[in-house]
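The opening position of the sequence shown corresponds to residue 560 in the working numbering, with each subsequent residue numbered one higher.
Note that CB positions come from ideal geometry on N, CA and C, so glycine has one too.
One structure below.
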Amino acid sequence: MNQNLADELVTMMTEDQRLLQQLFDSGELPSESYHPRMKALHEQNASRLKEIIGAHGWPGVSLVGEEAAKAAWLVVQHSVSDPEFMGECIRLLEDAVAKEDVAGWQLAFLQDRVRTLSGKSQYYGTQFDVDENGWPTPFPIEDSATVNERRARLGLNSIEERQDQMTEQERKRRANIEQTS
Numbered sequence: 560m561n562q563n564l565a566d567e568l569v570t571m572m573t574e575d576q577r578l579l580q581q582l583f584d585s586g587e588l589p590s591e592s593y594h595p596r597m598k599a600l601h602e603q604n605a606s607r608l609k610e611i612i613g614a615h616g617w618p619g620v621s622l623v624g625e626e627a628a629k630a631a632w633l634v635v636q637h638s639v640s641d642p643e644f645m646g647e648c649i650r651l652l653e654d655a656v657a658k659e660d661v662a663g664w665q666l667a668f669l670q671d672r673v674r675t676l677s678g679k680s681q682y683y684g685t686q687f688d689v690d691e692n693g694w695p696t697p698f699p700i701e702d703s704a705t706v707n708e709r710r711a712r713l714g715l716n717s718i719e720e721r722q723d724q725m726t727e728q729e730r731k732r733r734a735n736i737e738q739t740s
């Protein structure tokens, strides 16, 4: 395992999540546009991940361990300024999932993110929007009758269970806001 690379990837993920939380806490997120500080960090991380992939291939569990492999996925998941790179990473993740070198859910989330960003229906039901009342609802799903079979193949719970989890998170968020105001 490449510990230096693993540490670098985990640091990238930690910084991403720290900035995200900071912007939420300050009230700068959510916003109508891509926050410039978030965008700059995402682009910096994506640039470095491209270098890592160029030198080592996809940083899967065998190269960097489970947490750092998840960090690499998060970096590409947030690379929304570079859809071409995200698409290239889908192919890399497909190979890594086939070799059992990354968790299948990572492929599902990335593939759905790319599809929804390009205006297509998602395939696994991982991407959510909010309805007119602010409650989570999945973006349109291609062949929704068989989505739970696809989700199960990649280790995900059912779409109904995921919707319940997302709704409960929103319920808790709203309760927290009421308590603090």
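Here residue 564 is not near residue 600, since their CB atoms are 8 Å or more apart. Uninterrupted alpha helix (DSSP H) stretches at least 4 residues long and entirely within the segment 601-663 occur at 620-623, 625-636 and 642-657, given in chain order. Assignment of residue 686 by DSSP, reduced to helix, strand and coil, places it in the coil class.
Setting aside the 5 residues that flank it on each side, residue 626 is surrounded in the same chain by 569, each with a C-beta closer than 7 Å to its C-beta; the list follows chain order. By the Cβ neighbour-count rule, residue 693 is exposed, with fewer than 16 other Cβ atoms within 10 Å of its own.
CA-to-CA, the gap between residue 613 and residue 709 works out to about 31 Å.
Under a 10 Å Cβ-count criterion, residue 732 is classified as exposed, with fewer than 16 other Cβ atoms of the shown protein chains found around its own Cβ. Proximity to residue 647 across 617, 633 and 621 peaks at 617, based on C-alpha coordinates.
By alpha-carbon distance to residue 633, the top candidate from 678, 605, 720 and 680 is 605. Per DSSP, residue 696 lies in no alpha helix (DSSP H); the unbroken beta strand (DSSP E) holding it starts and ends at 695-697. The segment 650-663 and the segment 587-597 do not touch, with fewer than 3 CB-CB distances between them shorter than 8 Å.
Bridge partners of residue 700 according to DSSP: 681.
Under a 10 Å Cβ-count criterion, residue 669 is classified as buried, with 16 or more other Cβ atoms of the shown protein chains found around its own Cβ. Between residue 675 and residue 686, the CB-CB gap stays under 8 Å. Look at residue 572 here: in three-state DSSP terms it is helix.
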